[in-house]
Amino acid sequence: MTSFKLRLLAVFSVLVLFLSIAPAVFAESPESFGLTPQKTLPGSSGYLFKRAKEKVSEKFKFSKNSKYEYRKWLLERRVSEYVSLVENKEQSQISDASQRLAFAAGVLAESSVKESQEKKSEIISLFEKYKPILGKMRDNFPANTPYWLLSQQDIDTMNILIEKLK
């Protein structure tokens, strides 16, 4: 009878352990969201050069379409950086990355306000694609904490921009 009690206790302990771990939210890698992983992240030594290269590259985009495609690519890069920072728990850089992400989204939306409805719809679907990703990143932090609010602010920014593009 004691071996039965020990087995029952072991099963119960494993069950309790499993149930306590199951609701925990774990950060996911950029690849799991279909994003290109970023090797150089905010806070690293090469990030300043990466940003300078981005700014120079944008100046050499002369057609509206090439600027549009570059800004879409830049937004994806910012989302990927944000996901990587949350995954790596680099909280010191999350605030700046969040601001860069919102800025990239705003630049893309503002530059497309006078564009065709097709491009506006493409941007809206892009924002709709990124909002759940940001929601998952937000859920890695306790509700109403500064990092949770930063992610929520990026989601709210995208919602505002979507309404502006409609």
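End of the sequence shown = 1052 in my numbering, gap-free, step of one. Beta carbons: idealized from backbone N, C-alpha and C, even for Gly.
Run the CB neighbour count on A910, radius 10 Å, all protein chains shown included, and call it buried at 16 or more, exposed below. Here residue 910 is taken as the residue at index 24 of the sequence shown, counted from 1. Reliability of the predicted coordinates at A910 is poor, the pLDDT of 39 falling under 50, and the value obtained from them is presented with this limitation in mind. Looking at its Cβ environment, which holds fewer than 16 other Cβ atoms inside 10 Å, A910 is exposed.
Do you know offhand how far D982's Cα is from G929's? One-based indexing of the sequence shown puts residue 982 at position 96. One-based indexing of the sequence shown puts residue 929 at position 43. The alpha-carbon atoms of D982 and G929 are separated by roughly 10 Å.
Whole angstroms are fine: how far does the CA of Y956 sit from the CA of K941? Within the sequence shown, numbered from 1, the residue matching residue 941 stands at position 55. Within the sequence shown, numbered from 1, the residue matching residue 956 stands at position 70. Going by the C-alpha atoms only, they are around 11 Å apart.
Compare the beta carbon distance of S984 and D1040 with 8 Å and say whether it is the shorter of the two. Here the question's residue 984 lines up with position 98 in the sequence shown. Here the question's residue 1040 lines up with position 154 in the sequence shown. Closer than 8 Å, so yes.
With distances taken between CB atoms, is the gap from I1046 to I1010 smaller than 8 Å? Along the sequence shown, one-based indexing puts residue 1046 at 160. Along the sequence shown, one-based indexing puts residue 1010 at 124. Cβ distance not < 8 Å, so I1046 and I1010 don't count as in contact.
Examine chain C for any beta-carbon lying closer than 8 Å to the beta-carbon of N1026, and answer yes or no. In summary, chain C is missing from the structure at hand, where a single protein chain is found.
K1022 to E973 span [Cα, whole Å]: As a first step, residue 1022 must be located in the sequence shown, where it is residue number 136. As a first step, residue 973 must be located in the sequence shown, where it is residue number 87. Distance between the alpha carbons of K1022 and E973: 11 Å.
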